[in-house]
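Numbering (the numbering used here), first residue to last: 23 to 486.
Glycine included, each C-beta is placed from N, C-alpha and C at the ideal position.
See below for the structure under consideration.
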Amino acid sequence: MLELFENELNNLKPILDEVTSASLDFLENIAEKPTYIDDQTVTAADLLDAGIGAAGSLEVFRKHYEKLMVASPGPRYWGFVTGGATPAAIAGDWLTAVYDQNTQSTQGAGDVSAILEKETIRLLCQLLHLPEDFNGGFVTGATMSNFTGLAVARQWAGERSGRDVSREGVSGDLVVMAATPHSSVVKSLGMLGIGSNNVVRIQVSEGREAMDLADFEQKLIEHQYRPIIVNCSAGTVNTVDFDDIKAIVALKQKYPFWLHIDAAFGGFAACLPAQEHLLAGWEQADSITIDCHKWLNVPYDSAVSLVRKEHSRLQVSTFQNSNAPYLGDPSENFSYLNFLPENSRRFRALPAWFSLTAYGRNGFEWIVQNSIARAQAFGTYIQSSEYFELLAPVRLNVVCFRLKSGRERMPVFLDRLNRRGKVFMTPTLLSGEPAIRAAFVNYRTAEEDILIAIREMEEVMRIL
23 MLELFENELN NLKPILDEVT SASLDFLENI AEKPTYIDDQ TVTAADLLDA
73 GIGAAGSLEV FRKHYEKLMV ASPGPRYWGF VTGGATPAAI AGDWLTAVYD
123 QNTQSTQGAG DVSAILEKET IRLLCQLLHL PEDFNGGFVT GATMSNFTGL
173 AVARQWAGER SGRDVSREGV SGDLVVMAAT PHSSVVKSLG MLGIGSNNVV
223 RIQVSEGREA MDLADFEQKL IEHQYRPIIV NCSAGTVNTV DFDDIKAIVA
273 LKQKYPFWLH IDAAFGGFAA CLPAQEHLLA GWEQADSITI DCHKWLNVPY
323 DSAVSLVRKE HSRLQVSTFQ NSNAPYLGDP SENFSYLNFL PENSRRFRAL
373 PAWFSLTAYG RNGFEWIVQN SIARAQAFGT YIQSSEYFEL LAPVRLNVVC
423 FRLKSGRERM PVFLDRLNRR GKVFMTPTLL SGEPAIRAAF VNYRTAEEDI
473 LIAIREMEEV MRIL
């Protein structure tokens, strides 16, 4: 063995001790870490012939590059929809790297870590009150989860037109309908060859982002002789609006279509008895997207794709590695390589399993309820503020707002607010109008963080 590697293995404990110390320094002080990095300059270095070892790399990283690490797992990083990482999730993620499994099969020789992945899916479905009617697996994020569900939907649509899409390619027969699809859905349609411009847009209800059911049914009638894929939003990213899933499912009995539900973070509303009505009927979906690095508070990257077990044949025909006989017969030997896009798969289930078993139903009910409470408190401030106004009701955990006057100053306001490094929010568009969005999914966010953000916002407004 090369002497460098031998030395590394002999000093593994002190190396990991140093990594632990660096990790604790970040995590224990995360509330004070900046949410914006002013100094983004680094000095490029050439690759060395002789490496400096893990301890040397850690030293160089901390000296030159650690400054670039923003407090995105912290309590006031409200941009995008960014969860934190619980202690159990961090432990699971660390061990994921240690065990370094390529999670594929549930039986046979070699790696069988998929046994635990399937168990994790079962626990997650229990948390979300979903029946065991779905095949589920972990992917990188909502984009790949939406891609997976829509890929199987594409195969279903092709079969209804007498076409094996996975072998023969996409035809122009199928129709995709959506009211307010997330950008990842649109991106997935582009990657699938369906075309992001070929979505039949359903009108939204007045003042809402949810689909207008009358317009939806009319479009179903117009396209009833073509295979239809419907993308349903269970929590839009700007206002957490939900399509009426129960009514959509009822229409599915009348007009056959594939129902894909994008519940990236809204699906976790099912944790709370007071909110689970928002998802009534979602157990009838053909495919569902769930993001775990949002409300489940596990590290990036982690999401789940759920596809009804009755569509297993279609799912295998979509993703099967037909030219790799060593993967076995998918009908006899389950392998995620025949059910999901990736052939190389990180053991993403482990951080989620640690979280679900460590905190249980009560823990995640608290996380969701806490996020909703923080959003309501922030929304109440916006509603009574002399500077800001709400653009939509605070339905769950996202606050969408704008300046009351001088709206042309919003980009300057947001830039100055973010640069102060105490709180981070993102710009968006709602009904074509510029807005600011604050999303609450991090388990660390407390009442004091709302007060800090309010103070920062008002100070910026006073000098704007």
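In its chain, beyond the 5 residues on either side, S135, F369, L372 have a beta carbon closer than 8 Å to the beta carbon of Y121.
The DSSP assignment places complete alpha helix (DSSP H) segments of no fewer than 4 residues inside the stretch 200-252 at 205-213, 235-244, in order along the chain.
By the C-beta criterion, the stretch 115-131 is judged not to be in contact with the stretch 377-392, since fewer than 3 inter-stretch pairs fall below 8 Å. Setting aside the 5 residues that flank it on each side, V41 is surrounded in the same chain by L80, each with a C-beta closer than 8 Å to its C-beta; the list follows chain order.
A straight-line Cα-Cα distance of about 33 Å links W100 and A175. Beyond the five residues adjoining it in sequence on each side, F238 comes within less than 6 Å, by CB distance, of I224 in the same chain, given in chain order. With fewer than 16 other Cβ atoms inside 10 Å of its own Cβ, F27 counts as exposed. If you draw a straight line from the Cα of A53 to the Cα of R98, it comes to about 8 Å. Under DSSP, no beta-bridge partner is assigned to P321. With respect to F376, A72 sits apart: the two C-beta atoms are not nearer than 8 Å.
Contact between R459 and T467 is absent: CB atoms are separated by about 15 Å, not below the 8 Å threshold. One Cα belongs to E139, the other to F435, and the distance between them is close to 45 Å. In the DSSP secondary-structure assignment, A286 is not bridged to any residue.
One alpha carbon belongs to D68, the other to P433, and they sit about 38 Å apart. P456: member of the beta strand (DSSP E) spanning 455-461, first to last residue.
Annotated as proximal: G163 and H315, with beta-carbon spacing under 8 Å. In the DSSP assignment, F423 falls within the beta strand (DSSP E) that extends over 420-425.
E411: member of the beta strand (DSSP E) spanning 410-412, first to last residue. Judged by pairs of C-beta atoms under 8 Å, the stretch 292-300 does not touch the stretch 318-333, as fewer than three such pairs exist.
Collapsing the DSSP output to three states places S334 in a helix. Of the residues assessed, V416 falls on the buried side of the cut-off, its CB having 16 or more other CB atoms within 10 angstroms. C-alpha of M233 to C-alpha of L242: approximately 13 Å in a straight line.
Of the candidates C254, S205, G215, P203, G215 places its Cα closest to the Cα of G191.
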